[in-house]
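> Once you've had a glance at the structure underneath, I'll fire off some questions.
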Amino acid sequence: MTSIRIALQKSGRLSEDSIQLFKECGIKFEAGSSGKLRSVSSNFAAEFLFLRDDDISGYVADGVADLGIVGENVYVESNHQLDVVHRLGFSKCRLSIAIPRGETYGNINNFEGKSIATSYPNLLGKYLAAKDIQANIHVISGSVEIAPSIGLADAVCDIVSSGSTLLSNGLKEVEVIFRSEAVLVGNPTLSDEKRAILAKLLFRINAVQTAQNYKYILLNAPNDKLNEIIGLIPGMKSPTVLPLAAGGWSSVHSVIEENDFWNNIEAIRAAGAQGILIIPIEKMVH
Ligand code: PRT
Ligand code: ZN
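Under our numbering, residue 286 is the last one in the sequence shown; the count climbs by one each step, no gaps.
Below, the structure is given as structure tokens:
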């Protein structure tokens with residue numbers, strides 16, 4: 001029977017959320033932390049490989065794996081031509097150019113003739129070429145942020161998330177050149193059988209992602225305030241309204257986007273709503 005092979009990061013910033021995503025999709029397998037490099041799902045036509053993130057795009061391009069989860073920064077830098085099948089919304093970060101904090105910065109022309117240390121020569125090279133800047137790119141594979149202080153380069157181009165690494169190395173972010181998140185990439189030449197399995201997987205991923213934005217809400221409302229309260233909850237178009245055993249009160253049930261609810265919480269309570277419950281939804285299919 002056909003199954004798809006999915007390459008995941010063995011251990012690192014992508015691993016936990018990647019494994020969690022498949023678990024939430026109801027796909028069972030043994031995670032790679034046990035030292036295993038390969039694991040077959042017991043309830044879905046998929047097999048998982050656990051690799052260094054740098055190798056994932058190449059394995060998918062070669063067809064050793066059919067799909068992979070990788071940071072978009074690493075995928076684009078790899079120059080492999082894959083299908084970005086789905087954006088996953090986790091491991092968000094940016095690739096930025098930073099300079100010593102004490103220096104003044106005007107614009108990108110500051111880098112004309114300067115040297116920039118990075119592990120992302122392709123992304124940086126394309127960005128500079130598009131801006132018509134001639135700079136020297138020093139490729140280094142780790143600890144990029146110390147390059148200016150040891151005199152190796154004038155600036156760095158590295159991944160930033162909170163910014164605290166730059167700060168503690170006396171650097172400031174001056175240009176964001178790429179915004180990244182985890183992506184599901186796929187080999188462009190998958191067979192029809194594998195595409196059918198991928199479609200099933202995407203259906204589940206969509207159900208999980210949609211559910212994350214919504215909550216099931218339950219509240220009790222005095223009948224004379226029912227319409228007012230329902231009107232205060234945007235998106236609550238057609239709630240289920242059931243009479244409570246206590247006369248004059250109703251129970252209101254609906255699915256809403258969570259933010260819509262918090263924006264009006266005070267008004268909802270002031271209108272007399274009581275016993276408000278907000279319950280997570282595991283999966284949601286439109
Ligand atoms: O061992 P393996 O090769 O598999 O993993 P790795 O060490 O190469 O990668 P890993 O696990 O560190 O990161 C995997 C992916 O997570 C990256 O390719 C990005 O897409 C994404 N990501 C998200 C990050 C960060 N946030 C991040 N903060 N990758 C790296 N960092 C590093 C950055 O390099 C810098 O040193 O964290 C530091 C900056 O963080 P802040 O919070 O101080 O700004
Ligand atoms: Zn890596």
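Glycine included, C-beta positions come from ideal geometry on N, C-alpha and C.
Have a look at Gly275, Ser250, Ile279 and flag the residue whose alpha-carbon is nearest the alpha-carbon of Ile256.
Reading the sequence shown from its first residue, position 256 is the one you call residue 256. Ile256 has its Cα closest to that of Ile279, out of Gly275, Ser250, Ile279.
> Tell me whether Asp53, by its Cβ, gets closer than 8 Å to a heavy atom of the ligand PRT.
Here residue 53 is taken as the residue at index 53 of the sequence shown, counted from 1. Correct: Asp53 has its Cβ closer than 8 Å to the ligand PRT.
> Would you kindly work out how many angstroms separate the C-alpha atoms of Phe203 and Ser11, rounded to a whole number?
Numbered from its first residue, the sequence shown carries residue 203 at position 203. Numbered from its first residue, the sequence shown carries residue 11 at position 11. Between Phe203 and Ser11, the C-alpha separation is close to 27 Å.
> Can you list the alpha helix (DSSP H) stretches of 4 or more residues lying completely in the stretch 27-110, in chain order?
If we require 4 residues or more, the alpha helix (DSSP H) runs fully inside the stretch 27-110 come out as 53-62, 72-78.
> Relative to the C-alpha of Ala7, which candidate in Arg52, Lys23, Glu16, Ser42 has its C-alpha closest?
Within the sequence shown, residue 7 is the residue found at index 7, counting from 1. Closest option to Ala7, Cα to Cα, is Arg52.
> Assuming His138 and Ile159 make a contact with CB atoms under 8 Å, what is their CB distance in whole Å?
Taking the sequence shown and counting its residues from 1, the one referred to as residue 138 is at position 138. Taking the sequence shown and counting its residues from 1, the one referred to as residue 159 is at position 159. Actually they are not in contact, since the Cβ atoms of His138 and Ile159 sit about 16 Å apart, beyond 8 Å.
> When we look at the beta-carbon of His86 and count the other beta-carbons within 10 Å, is it buried (16 or more) or exposed?
Within the sequence shown, numbered from 1, the residue matching residue 86 stands at position 86. Answer is buried; the Cβ neighbour count reaches 16.
> Do Asn220 and Gln274 have their CB atoms nearer than 9 Å?
If you number the sequence shown from 1, residue 220 lands on position 220. If you number the sequence shown from 1, residue 274 lands on position 274. Yes, the Cβ-Cβ distance between Asn220 and Gln274 is below 9 Å.
> With contact counted as at least three CB pairs below 8 Å, one residue from each stretch, are the stretch 89-103 and the stretch 43-52 in contact?
Not touching, per the Cβ criterion.
> So, with DSSP's three-state summary, where would you put Tyr216?
Position 216 of the sequence shown holds residue 216. Strand at Tyr216.
> Sorry if obvious, but does the Cβ on Leu18 come closer than 8 Å to a heavy atom of the ligand PRT?
Looking up residue 18 in the sequence shown gives position 18. The residue you asked about is not Leu; residue 18 is Ser in the sequence shown. No - the ligand PRT has no heavy atom lying nearer than 8 Å to the Cβ of Ser18.
> Check this for me: beta carbons of Ile177 and Leu232, under 9 Å apart or not?
Position 177 of the sequence shown, counting from 1, holds the residue named residue 177. Position 232 of the sequence shown, counting from 1, holds the residue named residue 232. Their beta carbons are not under 9 Å apart, which means Ile177 does not touch Leu232 by this criterion.
> Is the CB-CB distance between Glu47 and Ile19 below 9 Å?
For the purposes of this step, residue 47 is identified with residue 47 of the sequence shown, where counting begins at 1. For the purposes of this step, residue 19 is identified with residue 19 of the sequence shown, where counting begins at 1. Result no, Cβ atoms of Glu47 and Ile19 do not sit closer than 9 Å.
> Do Asp83 and Val208 have their C-beta atoms within less than 9 Å of each other?
Here residue 83 refers to the residue found at position 83 when the sequence shown is read from its first residue. Here residue 208 refers to the residue found at position 208 when the sequence shown is read from its first residue. Result no, Cβ atoms of Asp83 and Val208 do not sit closer than 9 Å.
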